[in-house]
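Numbering (my numbering), first residue to last: 238 to 395.
A short write-up of the structure that comes next.
Right under this line is the structure:
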(Lines of atoms letter the chains of each structure in order from A and count residues from 1; the text may use other names and numbers.)
(Lines give C-alpha, C1' and ligand atoms only; values in the text may rest on other atoms or scores of the structure.)
Protein backbone atom coordinates (compact mmCIF):
# COMPACT_ATOMS: atom_id res chain seq x y z
CA UNK A 1 0.00 0.00 0.00
CA UNK A 2 2.83 2.39 0.88
CA UNK A 3 4.64 1.48 -2.33
CA UNK A 4 1.54 2.24 -4.40
CA UNK A 5 1.13 5.67 -2.77
CA UNK A 6 4.80 6.39 -3.40
CA UNK A 7 4.46 5.51 -7.09
CA UNK A 8 1.34 7.69 -7.44
CA UNK A 9 3.12 10.57 -5.69
CA UNK A 10 6.19 10.27 -7.93
CA UNK A 11 4.05 10.18 -11.08
CA UNK A 12 2.08 13.23 -9.92
CA UNK A 13 5.31 15.08 -9.08
CA UNK A 14 6.79 14.31 -12.51
CA UNK A 15 3.61 15.50 -14.24
CA UNK A 16 3.73 18.80 -12.33
CA UNK A 17 7.38 19.33 -13.26
CA UNK A 18 6.69 18.51 -16.91
CA UNK A 19 3.74 20.91 -17.08
CA UNK A 20 5.86 23.71 -15.57
CA UNK A 21 8.62 23.08 -18.11
CA UNK A 22 6.17 23.12 -21.02
CA UNK A 23 4.48 26.27 -19.74
CA UNK A 24 7.78 28.09 -19.23
CA UNK A 25 8.98 27.11 -22.67
CA UNK A 26 5.76 28.17 -24.36
CA UNK A 27 5.53 31.48 -22.49
CA UNK A 28 9.15 32.53 -22.60
CA UNK A 29 8.39 36.23 -22.89
CA UNK A 30 10.17 36.59 -26.26
CA UNK A 31 8.22 35.72 -29.38
CA UNK A 32 9.49 35.96 -32.96
CA UNK A 33 7.14 36.28 -35.94
CA UNK A 34 7.89 35.82 -39.63
CA UNK A 35 5.70 36.82 -42.57
CA UNK A 36 6.85 34.58 -45.41
CA UNK A 37 4.94 36.56 -48.08
CA UNK A 38 7.35 39.49 -47.72
CA UNK A 39 10.16 37.82 -45.72
CA UNK A 40 9.68 40.16 -42.75
CA UNK A 41 10.56 39.19 -39.18
CA UNK A 42 9.79 40.97 -35.92
CA UNK A 43 9.62 40.15 -32.22
CA UNK A 44 7.47 40.94 -29.21
CA UNK A 45 9.18 40.98 -25.82
CA UNK A 46 6.86 40.69 -22.85
CA UNK A 47 8.05 42.42 -19.69
CA UNK A 48 6.37 43.00 -16.34
CA UNK A 49 5.58 46.66 -17.03
CA UNK A 50 5.34 46.83 -20.82
CA UNK A 51 5.41 44.97 -24.11
CA UNK A 52 8.16 45.80 -26.60
CA UNK A 53 7.79 45.47 -30.38
CA UNK A 54 11.23 44.90 -31.93
CA UNK A 55 11.47 45.56 -35.66
CA UNK A 56 14.32 44.18 -37.71
CA UNK A 57 17.56 42.72 -36.46
CA UNK A 58 19.02 45.92 -35.05
CA UNK A 59 17.01 46.06 -31.86
CA UNK A 60 14.78 48.89 -33.08
CA UNK A 61 12.09 49.11 -30.43
CA UNK A 62 8.64 50.50 -29.75
CA UNK A 63 7.48 50.34 -26.13
CA UNK A 64 3.81 49.86 -25.25
CA UNK A 65 2.91 51.09 -21.77
CA UNK A 66 0.94 48.14 -20.46
CA UNK A 67 1.64 44.43 -20.80
CA UNK A 68 -0.93 42.63 -22.93
CA UNK A 69 -0.20 39.10 -21.69
CA UNK A 70 -0.44 37.69 -25.19
CA UNK A 71 -3.54 39.63 -26.23
CA UNK A 72 -1.61 42.20 -28.30
CA UNK A 73 -4.80 44.10 -29.09
CA UNK A 74 -3.56 47.56 -29.96
CA UNK A 75 -0.18 46.49 -31.28
CA UNK A 76 -0.74 47.45 -34.90
CA UNK A 77 1.79 48.58 -37.44
CA UNK A 78 1.96 48.99 -41.19
CA UNK A 79 4.82 48.29 -43.58
CA UNK A 80 4.84 50.19 -46.86
CA UNK A 81 4.95 48.06 -50.02
CA UNK A 82 7.04 50.64 -51.90
CA UNK A 83 9.62 51.40 -49.22
CA UNK A 84 10.90 50.27 -45.86
CA UNK A 85 8.79 52.79 -43.94
CA UNK A 86 6.95 51.58 -40.86
CA UNK A 87 3.73 53.37 -39.95
CA UNK A 88 2.07 53.21 -36.55
CA UNK A 89 -1.59 53.74 -35.76
CA UNK A 90 -2.50 57.45 -35.71
CA UNK A 91 -3.69 56.96 -32.12
CA UNK A 92 -0.32 55.61 -30.98
CA UNK A 93 1.20 58.89 -29.67
CA UNK A 94 -1.83 59.60 -27.49
CA UNK A 95 -2.04 56.15 -25.92
CA UNK A 96 1.52 54.85 -25.83
CA UNK A 97 5.11 55.91 -25.30
CA UNK A 98 7.35 55.48 -28.32
CA UNK A 99 11.07 54.87 -28.14
CA UNK A 100 13.14 54.46 -31.26
CA UNK A 101 16.82 53.50 -31.43
CA UNK A 102 19.22 52.24 -34.09
CA UNK A 103 16.42 52.17 -36.63
CA UNK A 104 17.67 50.39 -39.78
CA UNK A 105 14.57 51.03 -41.87
CA UNK A 106 14.29 54.38 -43.67
CA UNK A 107 12.07 56.01 -41.08
CA UNK A 108 9.29 55.49 -38.60
CA UNK A 109 6.21 57.70 -38.54
CA UNK A 110 3.59 58.00 -35.86
CA UNK A 111 1.43 60.60 -37.62
CA UNK A 112 0.14 60.90 -41.15
CA UNK A 113 0.41 63.83 -43.54
CA UNK A 114 -2.78 65.66 -44.53
CA UNK A 115 -2.48 64.62 -48.17
CA UNK A 116 -2.62 60.95 -47.20
CA UNK A 117 -5.10 60.77 -44.33
CA UNK A 118 -4.81 57.47 -42.51
CA UNK A 119 -3.17 56.01 -45.60
CA UNK A 120 -2.71 52.48 -44.26
CA UNK A 121 -6.41 52.20 -43.49
CA UNK A 122 -7.49 53.31 -46.96
CA UNK A 123 -4.68 52.48 -49.34
CA UNK A 124 -3.70 48.99 -50.49
CA UNK A 125 0.03 49.76 -50.55
CA UNK A 126 0.61 48.70 -46.96
CA UNK A 127 1.05 45.41 -45.16
CA UNK A 128 -1.04 45.51 -42.02
CA UNK A 129 0.14 43.55 -38.97
CA UNK A 130 -2.62 43.66 -36.41
CA UNK A 131 -2.28 42.05 -33.02
CA UNK A 132 -5.39 40.70 -31.42
CA UNK A 133 -7.30 37.79 -30.06
CA UNK A 134 -9.43 36.89 -33.09
CA UNK A 135 -7.39 33.77 -33.90
CA UNK A 136 -6.00 33.35 -30.42
CA UNK A 137 -3.55 34.87 -28.03
CA UNK A 138 -0.03 35.66 -29.23
CA UNK A 139 -1.13 35.97 -32.88
CA UNK A 140 -1.04 38.72 -35.52
CA UNK A 141 -3.44 39.07 -38.45
CA UNK A 142 -1.71 39.87 -41.74
CA UNK A 143 -3.34 41.65 -44.66
CA UNK A 144 -2.40 43.80 -47.63
CA UNK A 145 -5.11 46.01 -49.05
CA UNK A 146 -8.34 44.04 -49.19
CA UNK A 147 -6.58 40.66 -49.21
CA UNK A 148 -6.21 38.83 -45.90
CA UNK A 149 -3.31 36.41 -45.59
CA UNK A 150 -4.51 34.88 -42.36
CA UNK A 151 -2.51 35.08 -39.18
CA UNK A 152 0.97 34.30 -37.95
CA UNK A 153 1.96 32.56 -34.73
CA UNK A 154 5.25 32.74 -32.83
CA UNK A 155 8.04 30.76 -34.47
CA UNK A 156 8.74 29.21 -31.07
CA UNK A 157 5.48 27.26 -31.34
CA UNK A 158 6.68 25.27 -34.36
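Every residue, glycine too, gets a C-beta built ideally from N, C-alpha and C.
Remember, it's a predicted structure, so these values are computed and weren't measured experimentally.
| Pick from 299, 274, 242 that is closest to residue 384, judged by C-alpha positions | Locating residue 384 in the chain shown gives position 147, counting from the first residue. The candidate whose alpha carbon is nearest that of residue 384 is 274.
| According to DSSP, is residue 291 helix, strand or coil? | In the chain shown, residue 291 corresponds to position 54, counting from 1. In the structure shown, residue 291 sits in a strand (DSSP, three-state: E or B).
| query | Buried or exposed: which applies to residue 368, given that a residue is buried once 16 or more other Cβ atoms fall within 10 Å of its Cβ? | reply | Position 131 of the chain shown, counted from the first residue, corresponds to residue 368. Buried is the call here.
| message | Checking the sheet assignment: what are the DSSP bridge partners for residue 313? | response | For this step, residue 313 is matched to residue 76 along the chain shown. Among the bridge pairs identified by DSSP, residue 313 is matched with 367.
| field | residue 291 and residue 309 closer than 8 angstroms at C-beta | value | For this step, residue 291 is matched to residue 54 along the chain shown. For this step, residue 309 is matched to residue 72 along the chain shown. In this structure, residue 309 does not lie closer than 8 angstroms to residue 291 by Cβ.
| field | Per-residue DSSP class, three states only, for residue 283 | value | Here residue 283 corresponds to residue number 46 of the chain shown, with the count starting at 1. When secondary structure is reduced to three states using DSSP, residue 283 falls in the strand class.
| request: Find out if the Cβ-Cβ distance for the pair residue 268, residue 391 is shorter than 8 angstroms. | output: For the purposes of this step, residue 268 is taken as residue 31 along the chain shown, with counting starting at 1. For the purposes of this step, residue 391 is taken as residue 154 along the chain shown, with counting starting at 1. In this structure, residue 391 lies closer than 8 angstroms to residue 268 by Cβ.
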